[in-house]
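Numbering (UniProt numbering), first residue to last: 1 to 83. For reference, the structure discussed in these notes is given below.
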Amino acid sequence: MPQQCTILQEISANCATGGELSIAMRALIISRLEEGVSQRKVADELGVPRSTIENTLRRWKKHNTLQSLPRIGWPSVLTVTVF
């Protein structure tokens, strides 16, 4: 059975499972948590897993940013070479 999208998910285009949250959705999560709403309640309201709420809060506390963090991966192809 496909996941049902909530109103907020349709607005922010976060209906696809496994996709990244938009910055607006992350900001909404942080603002609701700062208002004192529980993680479980925020997860239910927004239709995302509680682990997503926890990860967003952890990223906010550690890096103080809502942006996606750089990923570890293959080094970039363009490098400076000295002749």
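Cβ coordinates follow ideal geometry from the N, Cα and C atoms, glycine included.
Quiz item: Do the CB positions of R32 and E45 come within less than 9 Å of each other?
Solution: yes
Quiz item: For I72, does the three-state DSSP call read helix, strand or coil?
Solution: coil
Quiz item: By DSSP, does N55 sit in helix, in strand, or in coil?
Solution: helix
Quiz prompt | Residue from V37, S51, N64 and R40 whose Cα sits closest to the Cα of I23 | solution = N64
Quiz item: How many angstroms separate the CA atom of L21 from the CA atom of S51?
Solution: 13 Å
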